[in-house]
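Trainee: Here it is: the structure, laid out below.
Protein chains in written order, with the working numbering: chain A, 2 to 281; chain B, 2 to 281; chain C, 2 to 281; chain D, 2 to 281; chain E, 2 to 281; chain F, 2 to 281.
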């Protein structure tokens, strides 16, 4: 699980999810499968896509059987096609059967995200822009979903409300102006934090730049206007394009010259990849 | 939150998700917005669909400002179109801005599920069959997602591994036969539980019926074969169709006469509904 | 601990109980016993009865000394008499002395329950009826106590309010009628759940049967009336006898032909079995 | 709940027990009872005994409906007879029905303990000796059970391993002698703690006294020997009688002149008092 | 508690600390003070200093008596002298007596920190440099201690390992060079994060600047060398002085022209301010 | 960690502190240091003092790398001078770098306390009196800080409000008199607990003694008056001196003949000892 920055939080989430599913016990498995029975199984892709989450699946099974043997037949980030075995599992039969659904739920969801990111990333392959995620993640699963974005070839925006300042339209309504909002933030947050400002037009780009924003988010702008913003800023701040980016318009946005393109759908609307577990 | 069976668990999930997002603090809001500032805002649908999760959104905001006023302008289960206001919020500005993203994350996800269920349900409107969910939910969010399925007009399959016996192919590989698996379960689980068996052909239907299964799941069967199963069973057990049900084939499955049709995609692949919060 | 359906919940309960007893530290043991001292001890029955809970005792000790050696000299479910050694323990002396009381508290309580169940079960040995427990368990200890019931030869009723519908007199007062209560439940709970109805007379038996109840609980009925209920139902639902069952009347109840006899006293009033730990 | 020393811990235990029973939801109540329905009910004693635990029952219901009205018709410590109403409840019907069993489980158990203590206390009414409890409590429920002992007219021994030193036979086997064990403890535990030593004969009484024990526990001694111990100690330490105290021998023990008589059965083997909840 | 960015975490810490101190109950207060007794008291400074933590003290008392009245007679950040009343408390006597020590422990510690920061800040009053804290805080109390630093007139460095990159000497030993370390970080952390590098000489200043460090920490440098670093950097990065800063040398460091001076002793070695609670 | 009475509580505190510092991940280390890199380092004292907390430092690192090798080059309680290596660490580089600050935070704080206790203890080396701590500890860290006091050669006062009765001035204001307060406590607390009374003059000493106090705390008394108290009590109760004890007056207090001298500054105002970690 070395790819996750905070390993103990990851196990807490897995335990929570196991508790949700197992509750007072897996009545089916416990009544049918002898306590010391062992099985061997394969995790197999059932359609084409980018694999993500195999170490999470391993952790789920290991939580139920610490001695289980989980052999990686693929690595996160690799391409899978229908029928490709991704991992081989050998361990306590109860652990395997009780953990199967949760392991697959993680694996299918994360692979679905990585696959979607990857499809978008290939569309803008030659450009400088990097695809990044948002905070539109499934509540509780952010650390996994942001990992899947990296596996798929994207980058991460801030992890939460705590690790960067992002002044959005609703903050500006309270603060009155970009200039004042940036001043207030600069005076109070740790000096080690960047400040980003969401803008809707070129005047706001100018004001954010003058106020000393480290990053400027161009919200729902036309690519042509974005290009002007790129020229205005001229490298003095990072530029992020945001808002209703689709497979159709992403190349135009990238060609406008922004540094980052954030896409909420990466995490809130990716389709799960079909993956199954077959006992041998 | 009366619609959720276990209210305290619901608040635990909301708190966990708030902790994930807020961490050591919302640096933007806390530095820009005065502690006693109040705001009024509208939650507004940005596309057509079935609304689900307004009480969850309310709970998120109330967790941050117990005195916040949340007025429902729509009810869960109602149809929304682009521009329809769903709720009016009046309360502490920090609470509203800090909770906005999480409230919307829940609302968009649950409305997306309800919208998808509803679309499928309308496709089989005249049939006896009821659409039900599976355990393929986002880890940790099952109680919310199963609620959204009910809001959209579907029914629920078991909540977890603990509240019904479901003997699947991988259990049968260990048990040896349907008959033996059902016997083992019957002998050990509380007598208050139903036993369901997953079958792949008509011989197995016969065996499951003879073994005393309360429910028989027809896995990946052709609708014509399902129809035969319906005739064989003749009301002596409930019948559930499962496996790769799509908008294309669901009517044929329903017309085969099964009692329930379970669809994993309801929860693992529903697209989020677009909903936003506008301060006034 | 393979006999417990949800192992991690079991360890949570043990940890909670250890925390309750140990608090800021076992001041006696820590000041008197060297940290690296080891001891050998025997767990010995001090009266006749059915042993239950040895794996729980083992888990308590192992929580305090993961390397402790716990040898089973008896198995749960076996008969003990005064002086029979049940287990041999060899491990860190602090762990053994700190864990002794909690391990014995579990073992004495669970063995007391198993012994009581067993005595009742032998009274109705030739009958079809099976003795089952209720939800009248010590708060927090249900999973252990229901296990002890199984060890003693009984069966389990539902584990909690979440895994089966049981419509009792107080529900009927709200719902108005058995028929309406069953309809409401059927419409909303997962289709995978059974519905039981508590009745007080034969008219209600008829109504519950007609409403489609899966199980009918005969509450505080005279055995003669129960026999009539058995005839009326004729196998179309399961029948459970309940209410003030004692060693005196249990055989008459069983001979009435019911399927299950539930006894609250199994868990709320069983006397602890005398068991001690002797260091060698 | 002012009678409980640590109120937040009490609510934690109630929440844990509610979670155990309610799990993913009270499927019966939630499907049959409207969310806003209110009911009135009476908690009624069904046999004679000492009431204990009414504030715990109140807390259970209030946890589920903070606005519920719970009127005390009896106070903890009062005598109940069959038919006496103990409390009147008016509140949300779902809260009352979901909480009923847990509230009664606490109330019946604690009243059973208080009733048992009271019966023993009356047997030794004229003597100096006070009946006290032990650590043989239901794991997790110690704070409640020790409260019930006080309600019934008994006193408390230490709360756990952390608040007094009690050197027992198994400690002595490690330490080698009473003298050394007391010295070790005195040197290391907070000087604010008392030290008690368990002894089996009069020589040990002498040694414990000489070693400076604050309390001496006379384990399984004949009352005649206890009387000699009382004479030897002559008020220089407190004396506690322990071991297989029953209704038959308790008066003889008390008349031997000890200060305290500890009885494990108070908590590990008390029979629950019959109490029910009737909706009006 | 609006001054704390993450209110629920603050209450968790208070609850943990209450649990540590109260354990199974405040035996003194509960046996001596009637449950419904009320008292009035004053929190009074016993020496000169800057007050910090009054809202934390209030929260401690309110946790034990939600209806307690806590009147601020001083505000955090104000100067106190011996005898100045800081707050007036009126509420349940048990709550006041049980909470007294913990409330004072917080108040004395935080006021001690604020007083120390303030003394240092006044020493460099005319300079650009701002005094900031480090991660050398009491484990578990960082959010409080960093708040006290702000109250005393200082600023905050990063909150933890998660909200900014700080490449220290030990990281450089692994990475090989500043340039490579900065590249690795830039490639993998969210683009919303700043990168700081710790350097020990002017060559490293040059390399860090060239590598694109946002902040450069001058570790244990002579003020004269710091001045050269200031000239080299010329505003292209922020400069932080660190290492063995004392009241003696802090002005020289500030006059060297750095932007920030971090002082570990602010939190790891501040002396508590003497403050007491007097009942009236 | 055998020196800590309650090991699992110790790990909870370490985990909490790790969570505080690591949050969503150590972004620096995770991006720069390969997941499987190993390092060797030395923990080195940077000034003279008594070492305390090495097992805590070990536990911090082991929590992050269970296989890490931690070799003790010094033992808690030994004297360190500038440059003395205290421990050698060999393990996963990420674990070492992520845990470094927390391990040092514990080690520096606890060594600072032990050093301070030791300095005071040497000042009264020939006297009977023992230096003890108070409840003025850093919230959440009491178990560690009381351990450091023992390491430095002091003793412990009670651990919290739960393990001894201490009747202070504010309790007396409510109770009315020492006599009544002691009576109330005696009647209600476990008979296994000692009762201490805080007094301000010799009349109160007399009253406390007559009331049967086990310990009398002489608060802020002149050493000459303390000597009179010692004569009055004549061994019938333990005597504790308390209040504004400094390096200047501690010898006079000890020579007055008291049994214990409690010093709040041991824990609330000790300066951290300088200790660092150097990679090799």
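We put the beta carbon where it would ideally sit given N, CA and C, even for glycine.
1) Return helix, strand or coil for residue 162 of chain E, following the three-state DSSP convention.
2) Please classify residue 138 of chain B: does DSSP put it in a helix, a strand, or coil?
3) Residue 252 of chain B: which of B:198, B:208, B:131, B:179 sits nearest, CA to CA?
4) For residue 263 of chain C, would you say it is in contact with chain F, using Cβ-to-Cβ distances shorter than 8 Å as the test?
5) Would you mind telling me which residues of chain E sit closer than 7 Å to residue 160 of chain D, beta carbon to beta carbon, in chain order?
6) How close, in whole Å, do the beta carbons of residue 267 of chain D and residue 150 of chain D come, if the pair is a contact with beta carbons under 8 Å?
7) Just the Cα atoms here: how many angstroms apart are residue 158 of chain A and residue 135 of chain A?
8) Using DSSP with H/G/I as helix, E/B as strand and the rest coil, what is residue 224 of chain B?
9) Taking a Cβ distance cut-off of 7 Å, strictly less, list which residues of the region 178-200 of chain A are near chain E, in chain order.
10) Is it true that the CB of residue 196 of chain F sits closer than 8 Å to the CB of residue 183 of chain F?
11) Report back the beta-carbon spacing between residue 172 of chain B and residue 28 of chain A to the nearest angstrom; my notes put them in contact at under 8 Å.
12) Determine whether the Cβ of residue 254 of chain D lies closer than 8 Å to any Cβ atom of chain E.
13) Identify the residues that DSSP records as bridge partners of residue 39 of chain B: which are they?
14) Report the residue from E:202, E:140, E:271 whose alpha carbon sits nearest the alpha carbon of residue 19 of chain F.
15) Residue 24 of chain D to residue 258 of chain B, Cα distance in whole Å?
16) Taking the straight line between their C-alpha atoms, what separation do you get for residue 187 of chain C and residue 161 of chain C?
17) I need the straight-line Cα distance from residue 217 of chain A to residue 263 of chain A, nearest angstrom please.
18) Express the C-alpha separation of residue 87 of chain B and residue 101 of chain B in angstroms, rounding to a whole number.
19) May I have the straight-line CA-CA distance separating residue 232 of chain E from residue 194 of chain E, to the nearest angstrom?
20) When the distance is taken between beta carbons, is residue 192 of chain D closer than 8 Å to residue 261 of chain F?
21) Given a cut-off of 8 Å, decide if residue 51 of chain C and residue 92 of chain C are closer than it, judged by their beta-carbon atoms.
22) If the cut-off is 9 Å on Cβ atoms, which residues from the region 124-144 of chain A count as contacting chain F, listed in chain order?
23) Would you mind reading off the limits of the alpha helix (DSSP H) that contains residue 59 of chain D?
24) Got a sec: which bits of the region 89-111 of chain D sit with their beta carbon under 9 Å from any beta carbon on chain C, in order along the chain?
25) The alpha helix (DSSP H) with residue 263 of chain A in it runs from where to where?
26) Mind pulling the chain F residues with CB within less than 7 Å of residue 156 of chain D?
27) Just confirm the distance between the C-beta atoms of residue 75 of chain B and residue 85 of chain B, as a whole number of angstroms; I'd bet it's less than 8 Å.
28) Consult DSSP for residue 71 of chain E and reduce its assignment to one of helix, strand or coil.
29) Assign residue 121 of chain E to one of three DSSP states: helix, strand, or coil.
30) Kindly list, in the order they appear in chain F, the residues whose Cβ is closer than 8 Å to that of residue 30 of chain E.
31) Would residue 177 of chain C be called buried (16 or more neighbouring beta carbons within 10 Å of its own) or exposed?
32) With H, G and I counted as helix, E and B as strand and the rest as coil, what does DSSP make of residue 184 of chain F?
33) Express the C-alpha separation of residue 21 of chain E and residue 54 of chain D in angstroms, rounding to a whole number.
34) Determine the direct distance from the alpha carbon of residue 275 of chain F to that of residue 270 of chain B, and round the result to whole angstroms.
35) By how many angstroms is the C-alpha of residue 147 of chain B removed from the C-alpha of residue 256 of chain C?
36) I need the straight-line Cα distance from residue 212 of chain F to residue 16 of chain A, nearest angstrom please.
Mentor: Concretely, from the data shown:
1) coil
2) coil
3) B:131
4) no
5) 25
6) 6 Å
7) 6 Å
8) helix
9) 191, 192, 193, 194, 195, 197
10) yes
11) So it is not a contact: roughly 11 Å between Cβ atoms.
12) no
13) B:93
14) E:140
15) 34 Å
16) 18 Å
17) 12 Å
18) 14 Å
19) 25 Å
20) yes
21) no
22) 143, 144
23) 55-65
24) 94, 97, 98, 99, 101, 102, 103, 105, 106, 107, 109, 110
25) No alpha helix (DSSP H) holds residue 263 of chain A; the beta strand (DSSP E) holding it covers 261-263.
26) 192
27) 7 Å
28) strand
29) helix
30) 162, 172
31) exposed
32) helix
33) 26 Å
34) 56 Å
35) 44 Å
36) 54 Å
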